[in-house]
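See below for the structure under consideration.
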Amino acid sequence: MTQTDDEMPPNNPPPSLKETWNEFTTALYAPANQDFDAFYWVYRLSRAFLNFLVRQKLRHIIPWFRPLIPFFGMTLTILCVWSYFSTFRETIVLHQWCGCKSDDIMPCHLCYWDILHTFSVIFFGVNILGHYLWCSFLSPGFVIKIDEGDSSNTNQSKAENDEKLPQTEMTFGGCCFLSSKINVKSERDRCLKYNRQFTDNSGEKESTGNETNTPVQIIYHPSPLPTHCNKCQHERPPRSHHCKVCKMCVLEFDHHCPWVNNCIGYNNYREFILLLVYMVWGCTYGCCLLGSEFYRMMLKHFELYGFNIMGPAHGTGLLDLPPPWVLWRQYHAKGKIDEDIVLRAAFPFMLFIAAAMLFILVPHVKLIRAGYTTVEHLSCPGGDSKVDTKGNGSTPDPCFLKNPFDHGPKKNVKRIMGTFLGCLLPLPFRPDPYGQKSKDR
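Pasting the structure below:
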């Protein structure tokens, strides 16, 4: 038997956090003959607290919490490097790779495997932390309002334009409540240079496309022409988009990344890609180093305790990791954490991070080869189809979609990433649109 519309119960809003707390205290101090379900009240209080955050406090908490996310990511990186020097270097590299014992000091220091693995761990750690910092504190390339007189090269016009720049201090990104200040003059100069070079280059491609006498209409995406931002109320160079989080337009805006607390755009896209590359590379290296030892340890664990999905000792899951307070007591008493506990935490973590970052990196590599950003790819008319000969897509007539900024996969990758040797160091560098090396960051 189904209920009619009149019989359906009204859609009342969930009780507030205060009301749920009052009900909880009433049930807690109720007579002993009444049952008290602890799991039920944990569920009720958790749900009420989440509703309270989402409905009232989340919009105030998120801006306060954003700078802590990069700190959390860099702390995990430091912990992974620390676990190698505190645990895995001695137990895996020195004992298994070098064949050293605890009382053999000199042969362990002269082992080439020890030198190789130590250098690799430092190399990956420095690059991940370096590119993480650059992504968080480096300007993505904000669009500053460009007046018509900005294109003049006279010193007098430059001085006049500098006086017109915003004088208020603007900040962006950052980590741990340390934010970067926007250098308005540097951003304006970069925007002028970008606009001038890209406008000239795209203008040539546009005229070439209009001169072809073909029955198929050519649509350029992304547009090679400057656009107008309705929110910022000024003209912006081609390929610029507005970020609703930073509340500014960004050159070659790709996305706003909460993990680095910054926009990803023209000026820091290379650092973002290298961050993903080194995270995948470093975590894969760590999994290869710890994989065999993790397998032997888990096999022994299952032989002793059986396959207990909740864990035989601590009840925290298949890995049976102890709670944080147990780890703290163990570290306070012994000065270190047991090797098997560190191994059970480090290997699955690095395996998960490597898989997750690879899942993000592969689409970005495809977009770099095609000469698109994420926003441009998602807003491409007709989806992924380059040719719409029937006119059934977003355009009424048969059309051919053409990217005026696509110079071929090899040149597109070189334009973003630069040279291979330059990618081995955590230093900010990117080529100009025409392939000339740029130093003004």
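Residue 269 in the working numbering is what sits at position 268 of the sequence shown, and the numbering runs on without skipping anything.
All residues carry an ideal CB built from backbone N, CA and C; glycine is no exception.
In three-state terms, what does DSSP make of G174?
Taking the sequence shown and counting its residues from 1, the one referred to as residue 174 is at position 173. It is a strand residue.
Quick check: what's the CA-CA separation for L402 versus T228?
Sequence index remark: in the sequence shown, residue 402 carries index 401 (1-based). Sequence index remark: in the sequence shown, residue 228 carries index 227 (1-based). Computed Cα separation, rounded: 19 Å.
Quick one: grab the DSSP three-state call for N413.
Within the sequence shown, numbered from 1, the residue matching residue 413 stands at position 412. Residue state, collapsed to three classes: helix.
Expressed to the nearest angstrom, what Euclidean distance is found between the alpha-carbon atoms of V281 and L368?
One-based indexing of the sequence shown puts residue 281 at position 280. One-based indexing of the sequence shown puts residue 368 at position 367. About 18 Å.
Let me confirm a value: W135 is counted as buried when at least 16 other C-beta atoms fall within 10 Å, else exposed. Which label applies?
Stepping through the sequence shown from its first residue, residue 135 is reached at position 134. With 16 or more Cβ atoms within 10 Å of its Cβ, W135 is classed as buried.
Have a look at Q218, E236 and F308 and flag the residue whose alpha-carbon is nearest the alpha-carbon of L226.
Looking up residue 226 in the sequence shown gives position 225. Selected option, being the one with the closest Cα: E236.
Reducing DSSP to helix, strand and coil, say where L344 ends up.
As a first step, residue 344 must be located in the sequence shown, where it is residue number 343. If DSSP states are grouped into helix, strand and coil, L344 belongs with the helices.
For F178 and P68, which I take to be in contact (beta-carbon distance under 8 Å), what is that distance rounded to the nearest angstrom?
Residue mapping note: residue 178 aligns to position 177 of the sequence shown, counting from 1. Residue mapping note: residue 68 aligns to position 67 of the sequence shown, counting from 1. Right, the Cβ-Cβ distance comes to about 5 Å (below 8 Å), so this counts as a contact.
From the DSSP secondary-structure annotation, give me the bridge partner or partners of Y221.
Locating residue 221 in the sequence shown gives position 220, counting from the first residue. Its beta-bridge partners are K403.
Can you check whether the CB of P429 is closer than 9 Å to the CB of V261?
Here residue 261 refers to the residue found at position 260 when the sequence shown is read from its first residue. Here residue 429 refers to the residue found at position 428 when the sequence shown is read from its first residue. No.
Can you tell me whether Y463 is buried or exposed? The criterion is at least 16 other CB atoms within 10 Å of its CB, across all chains shown.
Past the edges of the chain, shown from 2 to 442, lies residue 463, and the structure says nothing about it.
My understanding is that P16 touches A49, with C-beta atoms under 8 Å, so please give their C-beta distance in whole angstroms.
Walking along the sequence shown from the start, residue 16 turns up at place 15. Walking along the sequence shown from the start, residue 49 turns up at place 48. Yes, P16 and A49 are in contact; Cβ-Cβ is about 7 Å, under 8 Å.
Spatial neighbours of C176 in its chain, beta-carbon cut-off 6 Å, leaving aside the 5 residues before and after:
Residue 176 sits at position 175 when you count from the first residue of the sequence shown. Answer for C176: P68, P71, F72 and S137, listed in chain order.
Please determine if the region 362-378 and the region 242-259 are in contact, where contact requires at least 3 C-beta pairs separated by less than 8 Å.
yes
Is it true that the region 314-328 meets the region 115-128, where meeting means three or more beta-carbon pairs spaced less than 8 Å apart?
no
Going by beta carbon distance, what residues of the same chain come within less than 8 Å of F53, once the five residues before and after it are set aside?
Numbered from 1 along the sequence shown, position 52 holds the residue referred to as residue 53. Within the same chain, F53 has close Cβ partners S17 and L18.
By how many angstroms is the C-alpha of F66 removed from the C-alpha of S224?
Within the sequence shown, numbered from 1, the residue matching residue 224 stands at position 223. Within the sequence shown, numbered from 1, the residue matching residue 66 stands at position 65. Between S224 and F66, the C-alpha separation is close to 36 Å.
Where C81 falls: helix, strand or coil (DSSP):
Within the sequence shown, numbered from 1, the residue matching residue 81 stands at position 80. Here C81 sits in helix by DSSP.
DSSP-derived helix/strand/coil call for E236
Residue numbering aside, residue 236 sits at position 235 when the sequence shown is read from its first letter. Note: E236 maps to strand in three-state DSSP.
How many angstroms separate the CA atom of N404 from the CA atom of L276?
Position 403 of the sequence shown, counted from the first residue, corresponds to residue 404. Position 275 of the sequence shown, counted from the first residue, corresponds to residue 276. Their backbone Cα atoms lie some 27 Å apart in a straight line.
The alpha helix (DSSP H) with T21 in it runs from where to where?
Against the sequence shown, residue 21 aligns to sequence position 20. Note, T21: alpha helix (DSSP H), L18 to L29.
Of the listed residues T26, E20, T88 and P410, nearest to E294 (C-alpha basis):
In the sequence shown, residue 294 corresponds to position 293, counting from 1. Checking every option, the nearest Cα to that of E294 belongs to T88.
Own chain, CB closer than 8 Å to T78, minus 5 neighbours either side, in chain order
Here residue 78 is taken as the residue at index 77 of the sequence shown, counted from 1. Within the same chain, T78 has close Cβ partners G126, I129, L130 and Y133.
Going by alpha carbons, who is nearest to C264 out of T285, V278, G283 and H242?
Numbered from its first residue, the sequence shown carries residue 264 at position 263. Among T285, V278, G283 and H242, the Cα nearest to that of C264 belongs to H242.
Please say whether E188 and I145 have beta carbons closer to each other than 9 Å?
Against the sequence shown, residue 145 aligns to sequence position 144. Against the sequence shown, residue 188 aligns to sequence position 187. Cβ atoms of I145 and E188: closer than 9 Å.
Is DSSP giving H96 helix, strand or coil here?
As a working note, residue 96 is residue 95 in the sequence shown. In this structure, H96 counts as helix in the three-state DSSP scheme.
If I measure Cβ to Cβ from A314 and keep anything under 7 Å in the same chain, skipping five residues before and after, which residues do I get?
Along the sequence shown, one-based indexing puts residue 314 at 313. For A314, where only same-chain residues beyond five positions count, the Cβ hits under 7 Å are D321.
Just mark V43 as buried or exposed, buried being the case when its beta carbon has 16 or more other beta carbons within 10 Å.
In the sequence shown, residue 43 corresponds to position 42, counting from 1. Per the 10 Å Cβ criterion, exposed.
Residue from D36, R45 and Y41 with nearest C-alpha to E20
Looking up residue 20 in the sequence shown gives position 19. The shortest Cα separation from E20 among D36, R45 and Y41 belongs to R45.
Check for me: the alpha helix (DSSP H) holding V278 runs from which residue to which?
The count along the sequence shown starts at 1 and reaches residue 278 at position 277. Where V278 is concerned, the enclosing alpha helix (DSSP H) stretches over Y270 to Y306.
Would you list the one or two residues that DSSP bridges to S181?
Taking the first residue of the sequence shown as 1, we reach residue 181 at position 180. Its beta-bridge partners are F173.
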